[in-house]
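Notes to accompany the following structure.
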Amino acid sequence: MNHTLIIIIGVLLFAIATATLYVIGTQKKIHEDERLMDMLFNNGTMRVRKYLKQNDTITADGVGYVIKNIKAKEFYSKKTAVIANGAGFQEKLIDYMLRNNYVTEDTNDKGETVYRLPPKEGKENE
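Per the numbering used here, the sequence shown runs over residues 289 to 414.
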């Protein structure tokens, strides 16, 4: 009788652990696309900001060129997000960077819209 009770408790604990892991895996799968999109935005922003640290400004087409072939992948997933053609993603990325104050919008001497790094905090423009 005592051994049977231990076996039943063991089976129930195993079932609870399995169900918990299944729910966690399902939740990760449901939100995977959102996380990959966030990773693409982050990777694209980092690449554009790196470019802007070496150059004063960048155009929208320049953003599309700089972010070409950016990849995002989670280590436990087979799914990979890639920006093969930056032109299709540049407007979303520019909007994201402007909303989060990663870049500022400006106009160059030719009248084109360009983007540049915002002024650093604590430094005044002269």
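For every residue, glycine included, the Cβ atom is placed at its ideal position computed from N, Cα and C.
A quick note: this is a predicted structure, and the numbers were derived from the prediction, not measured.
The alpha-carbon of GLY313 is positioned some 15 Å away from that of GLU322.
Between ILE346 and VAL402 a beta carbon distance of about 6 Å is seen, short of the 8 Å cut, so the two are scored as contacting. For the set GLY399, VAL391, ASP397, the Cα lying nearest the Cα of PRO407 is the one of VAL391. Under DSSP, ILE358 forms a beta bridge with ILE371.
LYS367 places its beta carbon 8 Å or farther from that of GLU409. Under DSSP, ASP394 takes part in a beta bridge, and its partners are VAL402.
Exclusion of the five residues before and after THR395 leaves THR401, VAL402 as the residues of its chain whose Cβ lies within less than 8 Å of its Cβ. As for any alpha helix (DSSP H) of minimum length 4 sitting wholly inside the stretch 320-365, the runs are 320-342, 348-354, ordered along the chain. By the C-beta criterion, the stretch 327-339 is judged not to be in contact with the stretch 291-310, since fewer than 3 inter-stretch pairs fall below 8 Å.
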